[in-house]
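The sequence shown begins at 0 in numbering that gives the first Met the number 0 and counts up by one.
Only one structure is covered here, and it is reproduced in the block below.
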Amino acid sequence: MAEKIRLKVKCHACGNQMEGTAKYGKGHYVSEGLDFEFTATGRIIDSTGKARIRGEVVIRCPHCDTRNKYEI
Ligand SMILES: [Zn+2]
C-alpha cells in the first residue's frame, strides 16, 4: 500500500499556505487537500531508529501558478 506523506508549505512567490499529501510507493492512494508530486531521493534513520523517506516535492501554487520545489 502506498504511503501518504502530509505536507504543509508556503509558496516561495506569494506566501500562500498550501496543505496536502503526496504519494510514496505503489498501491492505492487518495490525496487530501493539494496533490503534491513526490520523488524519493533516499532514506534516513532518525534518532528514534525509525526510517524516514527523503525526497523532493513539487507543487504548483493554486494562487499565483508558481512552481514550488521543496526538499523533505
Ligand atoms: Zn503562490
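Every residue gets a Cβ at the ideal spot worked out from N, C-alpha and C, and that includes glycine.
A quick note: this is a predicted structure, and the numbers were derived from the prediction, not measured.
Within this structure, are the beta carbons of residue i and residue j separated by less than 7 Å?
i, j, result
"V8", "M17", "yes"
"F37", "A50", "no"
"G19", "G32", "yes"
"T65", "R53", "no"
"V57", "I71", "no"
I think residue i touches residue j, with their Cβ atoms under 8 Å apart; what is that distance to the nearest whole Å?
i, j, result
"R4", "Y23", "Residue identity differs from the one stated: residue 4 is Ile in this sequence, not Arg. Right, their Cβ atoms sit about 6 Å apart."
Going by C-alpha distance, which of the options is nearest residue i?
i, options, result
"K25", "E2, Y69, A12", "E2"
"S30", "K68, I71, L6, I44", "L6"
Among all the DSSP beta bridges, which residues are the ones paired with residue i?
i, result
"V29", "Its beta-bridge partners do not exist; DSSP assigns none."
"C20", "A small fix is needed here, since residue 20 is Thr in this sequence, not Cys. In DSSP, T20 forms a bridge with R5, D34."
"A39", "G54"
Tell me which residues pass a beta-carbon proximity test against ligand 1: closer than 6 Å to any heavy atom, given in chain order. C10, A12, C13, N15, C60, H62, C63, T65
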